[in-house]
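Colleague: With the numbering used here applied, the first sequence covers 17 to 1100. Backbone N, C-alpha and C define an ideal beta-carbon position, used for all residues, glycine too.
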Amino acid sequence: MEFIADFHIHSHFSIATSRELDPEHLDYWGRIKGIKVVGTGDFTHPGWLAELKEKCEPAEAGLLRLKPEYRVNDDGCPSETADNSVRFILSAEISTIYKKGDKVRKVHHVILAPDFETVEKIQQSLSRIGNITSDGRPILGLDSRHLLEIALEASERIFFIPAHIWTPWFSALGDKSGFDTIDDCYDDLASHIHAVETGLSSDPPMNWRCSFLDKYTIISNSDAHSPQKLGREANLFNTELSYSAITDALASGDARQFLGTVEFFPQEGKYHHDGHRKCNISWDPLETARYDSMCPVCGKKVTVGVMNRVMQLADRNEPEKRGNRSPFYSMIPLKEVLSEILKVGPNSKKVTREYHDLIRKAGSEFNVLLHLPLGQIHQVGGEVLAEAIRRMRAGDVHIKEGFDGEFGVIKVFTEDELKKIGGQSFLFDSLFSADSGKKEAKIIEVDQKAKKKTKESVIPFRPEHKKSMSENPLENLNSAQHEAVEHGAGPALIIAGPGTGKTHVLTCRVYNLIHHKNISPDKILAVTFTNKAAGAMRQRLQRMLAEKEQAEPVTISTFHALGYHMLKEQRGRGAGLFEKDSEPVIIDPEDKKQILLKEIGCDKKQFSGVSEAITQAKQNLLGPEKVEDKFVAVFYQKYQDYLSEHHLLDLDDLIFQPVRLLRSDPAILSHYRRQFAWIMVDEYQDVNFAQYQLIRTLMPDVHANLCVIGDPNQAIYGFRGADVRFINQFIRDYPGSRVYKLQTSYRCSDNILQASGQVVAVEESEPASMLQGVQEGVKIQISVHPTDKSEAEFVARTIERMMGGLRFFSMDSDISTGEGTDQEHGFSDFAVLCRVHSQIPALEKAFRDHSIPWQEVKNQSFFKQKTVCDILDILQLTVNPENSYLAQKIKNIKIFNDTKFRKLKKLLEKPQLVKQSLGTIIDVCYSNNEREDSEFLFKELFRHSEDFGDDIQGFLKFVMLGTSIDTYRSDTEQVSLMTLHGAKGLEFNCVFIVGCEDGLLPYSLYQDRRCDRDEERRLLYVGMTRARRFLYLTHAKKRFLQGRHYTLARSPFLETIEKELIETSQSQYQKRTKKPADRQPTLF
DNA sequence: ATGTAGAGGCTTTTT
DNA sequence: GCCTCTACAT
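1. Just tell me which of Glu699, Val413, Cys524 and Gly935 has its CA closest to the CA of His960.
2. To the nearest angstrom, how far is the alpha carbon of Ile887 from that of Ile938?
3. Which value, in whole angstroms, describes the spacing of the CA atoms of Glu925 and Gln932?
4. Which residues does DSSP pair with Met310 in a beta bridge?
5. Is DSSP giving Cys850 helix, strand or coil here?
6. Does the Cβ of Ser218 have 16 or more other Cβ atoms within 10 Å, making it buried, or fewer, making it exposed?
7. Using three-state DSSP, classify Ser918 as helix, strand or coil.
8. When you compare each of Ser346, Arg589 and Lys882 to Thr277 by their alpha carbons, which one comes out closest?
9. Please work out which residues of its chain come closer than 7 Å, Cβ to Cβ, to Ala693, disregarding the five sequence neighbours upstream and downstream, and give them in chain order.
10. Note down, in chain order, each residue of its chain lying with its Cβ closer than 8 Å to the Cβ of Val794, except the 5 sequence neighbours on either side.
11. For the pair the stretch 996-1004 and the stretch 845-855, tell me if three or more CB-CB distances fall below 8 Å.
12. Along the chain, where does the beta strand (DSSP E) containing Thr277 start, and where does it finish?
13. I'd like the ranges of any beta strand (DSSP E) spanning at least 3 consecutive residues and lying wholly in the stretch 750-775.
14. Return helix, strand or coil for Val648, following the three-state DSSP convention.
15. Pick out the complete beta strand (DSSP E) segments inside the stretch 77-157, 3 residues or longer, and give them in chain order.
16. Rounded to a whole number of angstroms, what is the C-alpha to C-alpha distance between Ser680 and Arg741?
17. Three or more beta-carbon pairs under 8 Å between the stretch 282-291 and the stretch 206-217, yes or no?
18. Would you say the beta carbon of Gln555 comes nearer than 7 Å to a heavy atom of the ligand ZN?
19. Following the continuous alpha helix (DSSP H) through Ala549, name the residue where it begins and the one where it ends.
20. Considering only the alpha carbon of each residue, which of Ile868, Glu1031, Leu1016 and Gln797 lies closest to Met819?
21. With DSSP as the reference, identify every bridge partner of Asn1152, one or two as the case may be.
22. Does DSSP put Asp804 in a helix, in a strand, or in coil?
23. Give every residue of the same chain whose Cβ lies closer than 6 Å to the Cβ of Ala500, excluding the five residues on either side of it in the sequence, and list them in chain order.
24. DSSP three-state call for Glu67: helix, strand or coil?
25. Could you tell me whether the stretch 298-313 touches the stretch 230-245, using the rule of 3 or more Cβ pairs below 8 Å?
26. Skipping 5 residues on each side, what residues in its chain have a beta carbon closer than 8 Å to that of Phe623?
27. Near His210, what residues of its chain come up, given a Cβ to Cβ distance below 7 Å and the 5 sequence neighbours on each side ignored?
28. Using only the alpha-carbon positions, how far apart do Asp264 and His124 sit?
29. Is the beta carbon of Asp420 less than 8 Å from the beta carbon of Thr319?
30. Output the distance between the C-alpha atoms of Asp739 and Gln709, rounded to the nearest integer angstrom.
31. What would DSSP say about Trp694, mapped onto helix, strand or coil?
32. By DSSP, does His292 sit in helix, in strand, or in coil?
33. Inspect the beta-carbon positions of Thr112 and Leu163 and report whether they are closer than 8 Å.
34. Using the C-alpha atoms, what's the distance from Pro221 back to Gly190?
35. Does the contact criterion of 3 or more C-beta pairs under 8 Å hold for the stretch 663-677 versus the stretch 598-605?
36. Is the beta carbon of Ser227 closer than 8 Å to that of Glu417?
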């Protein structure tokens, strides 16, 4: 049968849509319009899905229909017949925002789904990535390709359509944030795309000019935000009624099944032409090229429209050359035609009355617009209307193109003709001659030159691609960096402020030693604090060296991994703590707690004191016998005995024991002194006494080849035993040392460097920042807000504004002008930093309300979660089946028992990928039911294990010595939410530091705990210097924290910043209210 | 053994 | 505000 379908609409769960978008009214308006198949829209929204399930029932395969009891009937709408009954097809629009190739991409997609099951699977996958409940059209920080993958994973039968592909800000080919081809957008999965949606601003001939679109069926939908707008663009079919028949027709574009599209006149769109609204300049792309895009009135660049974008990508002048062209029918909504004739607004009572009258007589709007013979229109609507429809069907209309946000105007009659009509009646004498000058469709030449120019300027600049392997990496260093890198033998201290290229210098130095000074790579040791830093350094070194393998012998390791390595190595030789055949197992603080409480009999009340005392003793290299507090000493002794009996090492032991070993065994000591002849230490300001002694023990000589790098201003781990003193006394420890200072920051603007320098300079005499930025930058924004909630709202809105508007809604409201700032931002360019984790919930709520995707860097590592921990413990035991502690610990795991263990042991005997081992453990231990709740944890676990191949030991080490920051993803498009401590080592274009209040910064809410004001200053310093360009410091007058209301003053640290560097403001934001639906933009 | 009301706590945490 | 621990009840 022949029918009309409109797939892309929204529900009342979407922001800025009509409340009437419910199944009842979609059915009602579907009948009025004459649309057989209506997309449900918004299937990602759980609330909408529930409503659909409740109010609809299954119809033909893959389609739904409204349950009869919900049907709305009144005299404005034809009552239901077999002919005009409406079907629903599950559909949704999803917005993805992400960075790819240095450009921010905002692409919208329409998905059709065959059944509720598929939809629920998609919901499940997406809910893990972002918030799908706040808006019917969810905004996700997700690659387009990845979204397609998720949809395909849910079902092979989904139908995936790039939405309104030419819209500048939100589409696959959009000028502002899209790609140049559909393939670029979906990469290797692009073959799954079979149709594209043209949107209101383009018609098929425009699309026919792009040969790369030839393989796609060109379809059109309304993107309706109210039921009245249903079907303003739509698709014509001649198939049976079923999901698969429809999607097959869409995929093939077969002319017998897909009969074409109903279109708006694209010129009516707000951005059809190029131009300037203020200067009243409206150009077609040719004129724009002639004027070199410069507005002759104001001299600025004109706003480029959709037509121009099409021309940029077009490669043929004759649209008709495209082979598979489906027919298309340019339409004007009936109410607009009536409005023109009656000379009153399209939503006026008069027009509405006439409209419904016509529908009653003619059956449906599409029947009038498309099918009804003119004679019959004459009968039911009068001669003028018949003439109007005739002209419209013939394309004989008067067009004024839209430009720069100004809607275009399409008229059927001229002013003169309208005067004659007088808006009185439809029954007039013949007023019109048949040939009122049909306009030739203008074909615009593709300006090859202009096109080429645009294409070139689009290529993103990627500095890392500039450097080829063969080039000398040392060439790009500045002079201070160069000197530091060139430093040869003897001790060196490099003071390196934020963004001065610390890691780069360190890596270059290693490269230089190997490449130019002929130092054997295996003599070099580089020590870092985090796995991440160690990994980054190894990667960079591999890239620098001509042959990757040359980097292999260099020891690049964290302090703890180094210690562990030394202990294992010496055990292998029969020295050190444990017998040769027993693998030491690392335990985490949780294990330590359990041992102290359960095995040693430490009282719960005393536990934390004892535990901390043991840590301190170990960090000070004191064994139990040297601890003065006898009470602690007893527990310490018992604890230590327990650990060695069960071959366990706690984290402090990984430093403490190696130092002991080195000091007690001259042979071992000289072995390592010979091996590590060149040592480099990163983040030296953060070493504690034990780490300091480890290095001192390895390199006691004042002329040692020891190079340390760090920044005393970034010492923020004093509370954990780190001591800035050691970096400050380095030149006394090694009197022959040279000092290098890196003072050019390639990260922060001058403003930020100066301000942060002033914050951290305690002494008046001390010169403020010695650092130089590469650009002056913008002023630092300090703002005060009534409460923590309004502070969070400010952050969310500012991000939204800087992103250039997330959705059409905010583009039209005052939140965003659509211009954004002078540069493109993705969500990953933003970080919000706070002093304590408990500040985070208020921010999360604001992000949820604004549909901004975020990721929180939690203090709890992924691997410390109960379920994950259990699996890892089991894996650990299969590797170390002899370990008595593990064996005992495993007994407490509910899902595990001896039978399962024996089974596992057999299955895991053969060497295999870590991923497979984990999979086997999960299979054996969990029933299908139990699995479901944790499925995403397992997936995540698999993902992490993939890097390790079959190296189970390596994986376990990573897990034991890894932290939350190791699982932090910098490549996903999400705003980062973390504590100031967590932000160390990271950088962002835009940073918000919230809660700059006396009490939070410095932290002194609980007076009894002493706080180190200087360390708090440095903490703010670290936070501020994470920002490249934009820095916002905010504080709230009233703050709700941990169940109490506080009234806190502005942080005294802010007072130290010079007034010239800052701009202060008050919160302007009130509570957000939903806009009335009639103010929604009509174009999209 | 388990349930539950009431009190008392509350930073930051590279491994 | 919310989690954890404790004491006392079932």
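Modeller: Let's see:
1. Gly935
2. 7 Å
3. 12 Å
4. Lys317
5. strand
6. buried
7. Note that residue 918 corresponds to Arg in the displayed sequence, not to Ser. Three-state DSSP puts Arg918 in a helix.
8. Ser346
9. Lys539 and Asn721
10. Ser765, Asn767, Arg1045 and Phe1046
11. yes
12. Phe274 to Glu279
13. 754-758
14. helix
15. 80-82, 103-116 and 119-129
16. 27 Å
17. yes
18. As far as ligands go, the structure on display features none, and thus does not contain the ligand ZN.
19. Asn547 to Met560
20. Ile868
21. With the chain running from 17 to 1100 in the structure shown, residue 1152 is simply not present.
22. helix
23. Ile510, Val521 and Tyr756
24. helix
25. no
26. Lys609, Leu612 and Leu613
27. Tyr232, Thr233, Leu266 and Ala267
28. 22 Å
29. yes
30. 12 Å
31. strand
32. strand
33. yes
34. 18 Å
35. yes
36. no
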